[in-house]
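Number 277 in the numbering used here belongs to position 122 of the sequence shown; there are no gaps in the numbering. We put the beta carbon where it would ideally sit given N, CA and C, even for glycine.
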Amino acid sequence: MREFNIQRMGNLIYRNIRLLKGVIINALSVAGGVLFLACLISLRGDHVVKPSEFITVFSLVFIVLGILFTFVFFKEMHSQKTNHFYFLLPASPQERIFASWLATNVIYTFVFTFFGFLIGQFAILIGSLFPDTNFHALPIFSEGYWRLIKIYFFIQPAFLLGAVTFTKNRIGKTLLVVLLMVFCVFMYNLILCFSFTGGAFDVFTSDPFSTDAFSLAQEDLSILGALLFSIVLWPMMLLAAYFKLKEKEVR
156 MREFNIQRMG
166 NLIYRNIRLL
176 KGVIINALSV
186 AGGVLFLACL
196 ISLRGDHVVK
206 PSEFITVFSL
216 VFIVLGILFT
226 FVFFKEMHSQ
236 KTNHFYFLLP
246 ASPQERIFAS
256 WLATNVIYTF
266 VFTFFGFLIG
276 QFAILIGSLF
286 PDTNFHALPI
296 FSEGYWRLIK
306 IYFFIQPAFL
316 LGAVTFTKNR
326 IGKTLLVVLL
336 MVFCVFMYNL
346 ILCFSFTGGA
356 FDVFTSDPFS
366 TDAFSLAQED
376 LSILGALLFS
386 IVLWPMMLLA
396 AYFKLKEKEV
406 R
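Structure below.
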């Protein structure tokens, strides 16, 4: 039981998805309708769905739906009627956390990408029935798409930790924590800006907008920041979620 078992983890993912089947279908129906209408609107004028036009709507739906799916995935754990049964399932805390991350991050990304591509391509097919609109492949795998996947891959564990930690008002409390983290990163960049310009006095007198300083801080230290987040903060959030889940299991 204490050993990591891939089959148990797969059964846990399958069970949770079956329990959430109705929610998933409803969410995909709404998301599909939004993407379909957005692609039809994009066909107006130049009769082509541009990568920037598609990824703008796709990013919004992808992020919102992914966050909601992450919180719904742990709904059973926080319910007084079902939490006891949830913790009696034959799965270790390691398997629960990894299964949750795999389902709400990796599997969700693959499924929604394929789903979004089908909806967008179907919208183009419908649009091609009208004059001046030719059938073309949906440009989903653009630079903006890969940037979106990278951002979601790194920020999603923060919401996973919030989904495990908080019992009430989970989304609101998690967003407040994320905003606090963003503010801390902003202050970190501001300190770097001051260090490159010689202090706060020089920033707000010689260069009010401090464009060069901010650019220098971002370009020279962006790799360091990404490395720090990917190696330290991202695994630490998953580790914190594991210990929080283990604590709730003991209770």
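The C-alpha of Val227 lies about 38 Å from the C-alpha of Ile346. Inter-residue distance for Ile172 and Pro286 is about 42 Å (C-alpha atoms, whole angstroms).
Taking a contact as a CB-CB distance under 8 Å, the pair Lys399 and Val332 does not count as one, their CB atoms being some 13 Å apart. By the neighbour-count definition (other C-beta atoms within 10 Å, threshold 16), Ser207 is an exposed residue. Residues Pro206 and Ile210 of the same chain have their beta carbon placed closer than 7 Å to that of Ser297, with the five preceding and five following residues left out of the count. Look at the segment 209-256 and you find these whole runs of alpha helix (DSSP H), each 4 residues long or longer: 230-233, 238-242 and 248-256.
In this structure, Ala254 lies near Met164, with their beta-carbon atoms less than 8 Å apart.
In this structure, Gly221 sits away from Ile274, with a CB-CB distance that is not shorter than 8 Å.
Under the three-state reduction of DSSP output, Arg199 falls in the coil class, being neither helix nor strand. Leu388 places its beta carbon 8 Å or farther from that of Ile252. A distance of 8 Å or more separates the beta carbons of Thr329 and Phe308.
Residue environment for Gly271: buried (at least 16 other C-beta atoms within 10 angstroms of its C-beta).
For Asn166, the enclosing alpha helix (DSSP H) begins and ends at Ile161 to Leu174. For Phe321, there is no enclosing alpha helix (DSSP H), as DSSP marks it with neither H nor E. Annotation: the continuous alpha helix (DSSP H) that includes Ile279 extends over Tyr263 to Gly282. Contact between Ile279 and Cys194 holds: CB atoms are separated by about 7 Å, below the 8 Å threshold. Of the candidates Gln235, Ile310, Ser214 and Trp301, the residue whose Cα lies closest to the Cα of Met336 is Ile310. Judged by their CB atoms, Pro245 and Tyr397 are not nearer to each other than the 8 Å cut-off. Here Ile295 carries a coil assignment [DSSP, helix/strand/coil]. For the pair Val178 and Val216, the CB atoms are not nearer than the 8 Å cut-off. Residue state for Val204 is assigned as coil, using DSSP reduced to three classes. Setting aside the 5 residues that flank it on each side, Leu334 has no residue in the same chain whose C-beta is closer than 6 Å to its C-beta. Secondary structure of Thr329 (DSSP, three-state): helix.
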